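Residues in the sequence shown are numbered from 50 upward in steps of one, following the numbering used here.
Where a beta carbon is used, it is the ideal one built from N, C-alpha and C, also for glycine.
All of these numbers come straight from a predicted model, not from anything done at the bench.
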Amino acid sequence: ILEAVTMQHIFMNNFQLCSEINERVVQHFVHCIETHGRNVQYLKFLQTIVKAENKFIKKCQDIVMAELVNAGEDVLVFYNDRASFQTLVQMMRSERDRMDENSPLRYHIHLVELLAVCTEGKNVYTEIKCNSLLPLDDIVRVVTHEDCIPEIKIAYINFLNHCYVDTEVEMKEIYTSNHMWKLFDNFLVDICRVCNNTSDRKHADSVLESYVTETVMSIVTTFFSSPFSDQSTSLQVITFTLQR
């Protein structure tokens, strides 16, 4: 783990160094997760090498994505089925899991964040891989759950933005289905929560505020800026008219 911390600081914000990284280094740290356990620090190192100096490194994105997929369930931990989804809900309800940096919940959050960074900058190879790992149905089910915490929402909506909306190839499902509109309804609920929060800054939920003012605003802007969003908007207008 200390090795991962050291490597993270060596490569941090060094675009040239990250660009020259050998895939054996990536394999080593992914293998560490398999053998030494799911520690967040390994994921932090991988996040460091795919984006440096605010620039995306496609070569590193591809290498990290390939190694994660090759490792499979030992590294890629999702809560897609009914039983494991309830485990995720219980963890989100637990203050200890939320606060412990090395809890399974924090590992899952950092994993989704890593996948999001791997698809930033419109990388069609990693986008396709991530579509199969975290489908739209699962994103909507988690984010709209009443016990979903802001940290999970930030990770999932950032993933949604880079993997389904701001993409190299049009993801038709995002514009022709009702998924985004279910999320918009949920965004409104959280915006109202922030607006109605106490004016006492000591008790303000800063993470929820960050989610609403940054993450939500980003995906809404990107979605409606897309040339493909017209068909989705038209579809909703027709549906609304028929309902009336």
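Buried/exposed call for residue i, threshold 16 Cβ in 10 Å
| i | result |
| --- | --- |
| residue 266 | exposed |
| residue 128 | buried |
| residue 186 | exposed |
| residue 204 | buried |
| residue 50 | exposed |
| residue 296 | No information on residue 296 is available, as it lies outside the stretch 50 to 293 that the chain covers here. |
| residue 145 | exposed |
| residue 103 | exposed |
| residue 251 | exposed |
| residue 289 | Any reading at residue 289 is ruled out, since the residue's pLDDT is 47, under 50, leaving its predicted position unreliable. |
| residue 73 | exposed |
| residue 59 | exposed |
| residue 241 | exposed |
Coarse secondary structure for residue i, derived from DSSP in three states
| i | result |
| --- | --- |
| residue 277 | coil |
| residue 101 | strand |
| residue 234 | helix |
| residue 214 | helix |
| residue 287 | Because residue 287 carries a pLDDT of 46, less than 50, the predicted location of this residue cannot be relied on, and no value is offered for it. |
| residue 70 | coil |
| residue 271 | helix |
| residue 246 | coil |
| residue 106 | coil |
| residue 65 | helix |
Start and end residues, alpha helix (DSSP H) containing residue i
| i | result |
| --- | --- |
| residue 87 | Run containing residue 87: none; DSSP gives neither H nor E here. |
| residue 55 | 51-60 |
| residue 153 | 153-168 |
| residue 197 | Run containing residue 197: none; DSSP gives neither H nor E here. |
| residue 180 | 173-182 |
| residue 130 | Counting along the chain, residue 130 falls outside any alpha helix (DSSP H), and DSSP gives it neither H nor E. |
| residue 223 | 221-225 |
| residue 258 | 255-259 |
| residue 189 | 185-192 |
| residue 144 | 144-148 |
Contact check, residue i vs residue j, beta carbons under 8 Å
| i | j | result |
| --- | --- | --- |
| residue 198 | residue 148 | no |
| residue 256 | residue 200 | yes |
| residue 130 | residue 175 | no |
| residue 138 | residue 194 | yes |
| residue 159 | residue 89 | yes |
| residue 212 | residue 165 | yes |
| residue 172 | residue 264 | no |
| residue 161 | residue 116 | no |
| residue 65 | residue 94 | no |
| residue 156 | residue 202 | no |
| residue 229 | residue 272 | yes |
| residue 167 | residue 124 | no |
| residue 163 | residue 96 | yes |
| residue 232 | residue 191 | no |
| residue 150 | residue 120 | no |
| residue 234 | residue 246 | no |
| residue 182 | residue 268 | no |
The ligand ADP heavy atom lying under 7 Å from the CB of residue i
| i | result |
| --- | --- |
| residue 226 | No copy of the ligand ADP occurs in the structure displayed, which carries no ligand at all. |
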